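Okay, so the sequence shown: first residue is 13 according to this note's numbering, each after it adds one.
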Amino acid sequence: MPTPTPHINAKPGDFAETVLMPGDPLRAKFIAETFLENAVLVNNVRGVQGYTGNYHGKRVSVMASGMGMPSIGIYSYELFNFFGVENIIRIGSAGAISPALKLRDIVIGMSASYNSIYADQFGLPGTYAPTASYPLLKKATDAADALGIPVTVGNILSNDLFYDDAQSTLAWQKMGVLAVEMESAALYMNAARAGKNALCICTISDSLVTHEECSAEERQSTFTQMMRLALEIA
């Protein structure tokens with residue numbers, strides 16, 4: 013497919029090899045304005061803002077993914093396959109399933125369970141286990157140690173449902189799943205299929221255990237430790 017694509021109005025070379033991908037376009041804008049030097053808007057189709065700039069001498073891009081596996085599935089597929097992107101680091105919010113996690117804790121998704129049919133497209137003769145790229149995972153844990161940022165690494169759940177009528181999300185707690193979000197499994201699958209790299213770093217914005225939650229404004233602009241960690245490994 014030639015570029016621009018139907019969803020990304022950019023040219024070859026507009027994106028860096030590494031793209032940070034929050035769900036919220038306003039979080040992408042905040043990261044670009046707060047952390048990047050000489051940031052340039054390279055995509056704004058449907059208000060899904062993408063920027064490329066420099067962080068401590070490194071060329072880095074940041075673009076929103078929208079909500080859910082279908083949305084990040086589209087954007088990550090196009091970035092990996094048509095724009096030369098090698099690494100996508102999702103930086104998002106997640107709901108705690110583990111009672112050990114508190115608001116603002118940082119979780120790194122070593123693997124992503126899911127309740128989606130996203131994997132069906134690949135025609136696999138079994139059940140696929142979406143997994144982070146180990147080089148990015150190791151860089152993230154090493155950087156967290158160096159920066160003194162506590163992180164919890166483990167399995168997360170990518171859920172197709174935000175409003176779950178059966179209220180079944182907490183059932184994953186018994187299998188040691190740490191937190192629930194809505195995108196990472198599709199990102200990990202797209203990266204594997206394209207031979208590229210992906211990692212999910214999330215900040216706990218609410219708890220399904222205690223029912224505490226952060227505000228929308230806090231989710232947009234105050235999860236800066238997660239943002240710094242992702243930028244350090246970009």
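Backbone N, C-alpha and C fix where the C-beta goes; we use that ideal spot for every residue, glycine too.
Since we're looking at a predicted model, the values are computed, not measured.
In this structure VAL60 does not touch GLY80 by the C-beta definition: roughly 13 Å separates them, more than the 8 Å allowed. Sequence-distant partners of PHE235 (beyond 5 residues in either direction) whose C-beta falls short of 6 Å from its own C-beta, in its chain, are THR215. Taking the Cβ atoms as the reference, GLY85 lies roughly 7 Å from TYR130, within the contact range of under 8 Å. Cβ contact annotation for ALA203 (same chain, cutoff 8 Å, sequence separation greater than five): SER88, PHE92, ILE100, SER145, ASN209, ALA210, in chain order. With three or more CB-CB distances shorter than 8 Å, the stretch 166 to 180 counts as touching the stretch 116 to 133. Membership of GLU244 in any beta strand (DSSP E) is not indicated; the residue belongs instead to the alpha helix (DSSP H) covering 236 to 245. ALA141 places its beta carbon 9 Å or farther from that of SER73.
Residue state for VAL57 is assigned as helix, using DSSP reduced to three classes. Excluding five sequence positions before and after VAL57, the CB atoms of its chain that fall closer than 7 Å to its own CB belong to HIS19, ILE20, ASN21, given in chain order.
C-alpha of ALA106 to C-alpha of ALA228: approximately 13 Å in a straight line. Counting of Cβ neighbours within 10 angstroms places PHE134 among the exposed residues, the total staying below 16.
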